[in-house]
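Numbering (mature numbering (1 follows the signal peptide of the UniProt record, and there is no 0)), first residue to last: -20 to -1, 1 to 294.
So this is what it looks like as structure tokens:
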């Protein structure tokens, strides 16, 4: 029996509405008789079935998930370079698609700049990376150090002021890899699924994210290259926190990742009521990480995540 883990995060401060994202997974580098197109088709069909059999509360936003996982990968990004989960997002005006690794251990969404130094231009993961050009998006704005939006970053210790007055950042990961760049405000595009209908309503909202101009460590390797990292941690800078602070989605999210076979999964921003789901609370913690306790008695393990009442303003 294939084990599937679903995590559901519930904020103490509830907001009606919901959003869903499809999660997908990269293929192991070893040979596989199933094509990438077949795997993507299976993931999308499975995601559609989940939504049909569930009830969305005031709309749902979903991302398809691609990729695979190993037990040693949980909580880390770079342990097995040929196994990771990623999703597709769209940024800018006109919107461009980016494939980004999903990471619950960090907060910031960042993508690679077209002027990036040491950023790989190709990938061994059968994924062609996309590069962000601030001059090609009519809605992109680089955040200056003097702007009010830069203050939360400086407090987090990840930001610094560049010589030209731009709000820069440096993010270091547990494997000693690092990325540096500038914070940008631009449109983030997503589909909001209407409750009970499965009809997608195209939406967008301005968010703050990083555009990396320098990489080091494993982030320079073509064995890892995707297009960036989508942080879904508890901090105010995560896409989830930014959208929920504006009331665009409820302060609830869940994701279901398949670790065997074709992999993939679904990431849901919002409340989907599926039969037989059981919840277990998070262990209270001031950490940016999720601390939880759960029972392995069930095939589907659902973890309830409680966040602080603090409401970030972007």
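Just so you know, even glycine gets a beta-carbon here, dropped at the ideal spot from N, CA and C.
In this text the structure is predicted, and so the values were computed from the model without any measurement.
Looking at the backbone, the Cα of residue 117 and that of residue 145 are separated by about 21 Å. The shortest C-alpha to C-alpha distance from residue 171 to any of 155, 229, 85 and 80 is the one to 229. No residue range can be given for residue 118, since it is assigned to no alpha helix (DSSP H) and is classified by DSSP as neither H nor E. Taking 9 Å as the cut-off, the Cβ atoms of residue 168 and residue 219 count as close. The Cβ atoms of residue 129 and residue 71 do not sit closer than 9 Å to each other. Around the Cβ of residue 213, a 10 Å sphere holds 16 or more other Cβ atoms; the residue is buried. Sequence-distant partners of residue 93 (beyond 5 residues in either direction) whose C-beta falls short of 7 Å from its own C-beta, in its chain, are 111, 112, 161, 191, 192 and 193. Relative to residue 100, the option among 156, 200 and 217 whose CA is nearest is 200. As a beta-bridge residue in DSSP terms, residue 192 pairs with 92 and 161. By the CB criterion at 9 Å, residue 125 and residue 102 fall outside the cutoff. Annotation: residue 78 to residue 86 spans about 18 Å, alpha carbon to alpha carbon. Taking 9 Å as the cut-off, the Cβ atoms of residue 107 and residue 65 do not count as close. DSSP, reduced to helix, strand and coil, places residue 111 outside both helices and strands of the structure shown, so it counts as coil.
Annotated three-state conformation of residue 150 is strand, per DSSP. 69 is the residue among 154, 69 and 119 whose C-alpha sits nearest the C-alpha of residue 80.
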